[in-house]
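Q: According to my numbering, the residues represented by the sequence shown are 2 to 134, in order. Positions of the beta carbon are idealized from the N, C-alpha and C atoms, including for glycine. Dropping the structure in here first, questions after.
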Amino acid sequence: MKVNEKIRFLRENKNWSQEEMADKLGMSTNGYSKIERGETRLSLPKLEQIVQVLDMDIIELMSLGEKNVVLFSERGNNHSLNIFGSNQTELAIEISYLKKELALKDELLVAKKNEIDVLKQLVKSLRKEPLSH
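This is the structure:
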């Protein structure tokens, strides 16, 4: 089931019209109906607003009637939502990618620690030298 179909299903399950849902979201009925028809690509903020109105979270929405793994990641102002099916190959590839990301993070942390140690040594040596005029 596609996300737009899930949203429609949940709205109908609450016995809300498209007009009521659009009103709750502060948008036009036409704009909302495009979401339900899958004619509008949902941004993460809009999806968050929709699930808030439906009184659920994104994971609940994504997993409705599915056997998927959902990965939400946030880097600064960049948000991404990835949905992976139960295909073992797909999951193995994603796990491999995430392990590489973690290894890179660890390498960066070690490099930062080394840089801090060098700077501490430099500050220490500068404090020992007399000021020359």
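Taking only three categories from DSSP, how would you classify Lys-15?
A: What you label residue 15 is simply residue 14 of the sequence shown in a count that begins at 1. Correct three-state label for Lys-15: coil.
Q: Which runs of the alpha helix (DSSP H) fall wholly inside the segment 16-50 and span at least 4 residues, in chain order?
A: Segments of the alpha helix (DSSP H) lying fully in the segment 16-50: 19-26, 30-38.
Q: Less than 8 Å between the C-beta atoms of Leu-26 and Tyr-33, yes or no?
A: Along the sequence shown, read from residue 1 onward, the residue named residue 26 stands at position 25. Along the sequence shown, read from residue 1 onward, the residue named residue 33 stands at position 32. Cβ atoms of Leu-26 and Tyr-33: closer than 8 Å.
Q: In whole angstroms, what is the alpha-carbon distance linking Gly-39 and Glu-108?
A: Here residue 39 corresponds to residue number 38 of the sequence shown, with the count starting at 1. Here residue 108 corresponds to residue number 107 of the sequence shown, with the count starting at 1. Near 42 Å, if we compare the C-alpha coordinates of Glu-108 and Gly-39.
Q: What separation, rounded to the nearest whole angstrom, lies between the Cα atoms of Thr-30 and Ser-97?
A: Here the question's residue 30 lines up with position 29 in the sequence shown. Here the question's residue 97 lines up with position 96 in the sequence shown. Distance between the alpha carbons of Thr-30 and Ser-97: 43 Å.
Q: Using 8 Å as the threshold, is the C-beta distance between Lys-7 and Leu-48 below it?
A: Within the sequence shown, numbered from 1, the residue matching residue 7 stands at position 6. Within the sequence shown, numbered from 1, the residue matching residue 48 stands at position 47. No, they are not a contact pair.
Q: The alpha helix (DSSP H) spanning Leu-62 covers which residue range?
A: If you number the sequence shown from 1, residue 62 lands on position 61. Element bounds for Leu-62: 59-64.
Q: If you draw a straight line from the alpha carbon of Leu-123 to that of Asn-115, how long is it in whole angstroms?
A: By one-based count along the sequence shown, residue 123 stands at place 122. By one-based count along the sequence shown, residue 115 stands at place 114. Looking at the two C-alpha atoms, the distance is approximately 12 Å.
Q: Quick one: grab the DSSP three-state call for Lys-3.
A: Here residue 3 corresponds to residue number 2 of the sequence shown, with the count starting at 1. Three-state DSSP puts Lys-3 in coil, outside helix and strand.
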